[in-house]
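Quick note: the sequence shown uses this note's numbering, first residue 23, plus one each step.
All C-beta atoms in this analysis are idealised placements derived from N, C-alpha and C, irrespective of residue type, glycine included.
To keep things clear, I will list the structure first and then write my remarks on it.
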Amino acid sequence: MYFAFFIGLTASIKWNGLGFFLMASNYYTLLLLIKYFDKKRLAHNNLGSVLTDNISLFNYSLYFLLLPIIIYTIVFIPDVLFNTQFTFIEKNQQMIGYHQTMVGENEHPYCSNWYTWPLMLRPIAYFFESYTIADSGISMIRNIHLFPNPILSLLSFISVIIMSISWLRLCLNWITKNLIDKEFFTFSFILSGYFCNLIPWIIVERCTFIYHYQPSAIFGFLALAWYLGKLLEAQPWTKRIASWLILLCIVIAFLYWLPIQLGIPMENFQFYDRMKLESWI
Numbered sequence: 023m024y025f026a027f028f029i030g031l032t033a034s035i036k037w038n039g040l041g042f043f044l045m046a047s048n049y050y051t052l053l054l055l056i057k058y059f060d061k062k063r064l065a066h067n068n069l070g071s072v073l074t075d076n077i078s079l080f081n082y083s084l085y086f087l088l089l090p091i092i093i094y095t096i097v098f099i100p101d102v103l104f105n106t107q108f109t110f111i112e113k114n115q116q117m118i119g120y121h122q123t124m125v126g127e128n129e130h131p132y133c134s135n136w137y138t139w140p141l142m143l144r145p146i147a148y149f150f151e152s153y154t155i156a157d158s159g160i161s162m163i164r165n166i167h168l169f170p171n172p173i174l175s176l177l178s179f180i181s182v183i184i185m186s187i188s189w190l191r192l193c194l195n196w197i198t199k200n201l202i203d204k205e206f207f208t209f210s211f212i213l214s215g216y217f218c219n220l221i222p223w224i225i226v227e228r229c230t231f232i233y234h235y236q237p238s239a240i241f242g243f244l245a246l247a248w249y250l251g252k253l254l255e256a257q258p259w260t261k262r263i264a265s266w267l268i269l270l271c272i273v274i275a276f277l278y279w280l281p282i283q284l285g286i287p288m289e290n291f292q293f294y295d296r297m298k299l300e301s302w303i
């Protein structure tokens, strides 16, 4: 009930939030399929009774289809009443058109395609200033970038790839060996969140930016956190050391690139040392 209410509100504010709706719908659909095809297997699992009692096509239709649409429509009532120039349907048609006719792909210097976001190939510069200190003659640069942590971004993407491969293996075990693991549900949730927030951008024709990747990045971080957690619990001790070294690298990268996120002045060479790729500038 709460999900239907808040997803309707989210979609009424910005359609980007529909990625979370797609994620939840995708995950719930998976549970419906598991229940339908393998009730005996679920009964053997500790989560079986929960899934059997709560997962139903009626609940799916009510909470993932009907109620969100009703809430979304209700939110538009005041706007439709006071702004009679366009109907409810026309307003939504305009929003669809926005994603097709807004700034073209090559009309903004920081446009980037969806497949470049996980590797952070094109961040966004919001502010850039170059000046010289009068007394010393030192050339300085001050800039503000929307600049994700490169180490965190890369490791998160690698974690998603590894988790996707592991999910396929778990799925194959479910199909061929009648085995299902708790990790299957964890991986399904994380991967649904990642891909359901990323894949819709494939069909968007307008100029897109790396900040559209932020909802997917959250689930990439979860994937990385899951594997780091496993390393921290693993034997031998070298695996635990590896997890701490990874965390240390992420922290160091955060501090190293922090000046270009906060607009802290740097000398020219310090700025360009941080721009490891030409596309970052």
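Q: Run the CB neighbour count on Gly-215, radius 10 Å, all protein chains shown included, and call it buried at 16 or more, exposed below.
A: Buried.
Q. Cα separation between Trp-223 and Gln-107?
A. Whole-angstrom Cα-Cα distance: 30 angstroms.
(Q) Between which two residues does the beta strand (DSSP E) holding Thr-208 run? (A) Unbroken run through Thr-208 is the alpha helix (DSSP H), 204-220; no beta strand (DSSP E).
Q: Mind checking who Met-162 pairs with in its DSSP beta bridge?
A: Tyr-153, Glu-289
Q. Taking buried to mean at least 16 other C-beta atoms within 10 Å of its own C-beta, is Pro-100 buried or exposed?
A. exposed
Q. Among Ser-78, Phe-59, Lys-36, which one has its Cα closest to the Cα of Ser-47?
A. Among Ser-78, Phe-59, Lys-36, the Cα nearest to that of Ser-47 is on Ser-78.
Q) What's the call for Ile-282, buried or exposed, on a 16-neighbour Cβ count within 10 Å? A) buried
Q. Excluding sequence positions up to five away, which residues of its chain have a Cβ less than 8 angstroms from the Cβ of Leu-192?
A. Ile-202, Asp-203, Glu-205, Phe-206, Phe-209
Q) DSSP state of Leu-141, grouped into three classes? A) coil
Q) Taking Cβ to Cβ, would you say Ile-93 is nearer than 8 angstroms to Gly-30? A) yes
Q | Outcome for Asn-81 when other beta-carbon atoms lying within 10 angstroms are tallied against a minimum of 16 | A | exposed
Q.
Which of the three DSSP states is assigned to Tyr-132 in this structure?
A. coil
**Q.** Delimiting residues of the alpha helix (DSSP H) encompassing Ile-224
**A.** Note, Ile-224: premise wrong, no alpha helix (DSSP H); not H, not E.
Q) Between which two residues does the alpha helix (DSSP H) harbouring Trp-248 extend? A) 236-255
Q. If you follow the alpha helix (DSSP H) that Ile-263 is part of, which residue opens it and which one closes it?
A. 259-284
Q | Nearest-angstrom beta carbon gap, Arg-144 and Ser-152 [assumed within contact, 8 angstroms] | A | Actually they do not touch by this definition, with Cβ atoms about 21 angstroms apart.
Q) Which two residues bound the contiguous alpha helix (DSSP H) that contains Thr-198? A) 172-199
**Q.** Own chain partners of Leu-254 with C-beta closer than 6 angstroms, once the 5 adjacent residues on each side are dropped
**A.** Arg-262, Ser-265
Q) DSSP beta-bridge partners for Ile-146? A) Ile-146 has Leu-168 as its beta-bridge partners, per DSSP.
Q) When the distance is taken between beta carbons, is Leu-177 closer than 8 angstroms to Leu-277? A) no
Q | Three-state secondary structure assigned by DSSP to Gln-107 | A | coil
**Q.** Residue range of the alpha helix (DSSP H) that includes Asn-38
**A.** Premise fails: Asn-38 is in no alpha helix (DSSP H) and is neither H nor E.
Q: Within its chain, find whatever has a CB closer than 8 angstroms to the CB of Met-162; leave out the 5 residues flanking it on each side and keep chain order.
A: Ser-152, Tyr-153, Thr-154, Ile-155, Pro-287, Met-288, Glu-289, Asn-290
Q. Cα separation between Ile-225 and Gly-242?
A. 21 angstroms
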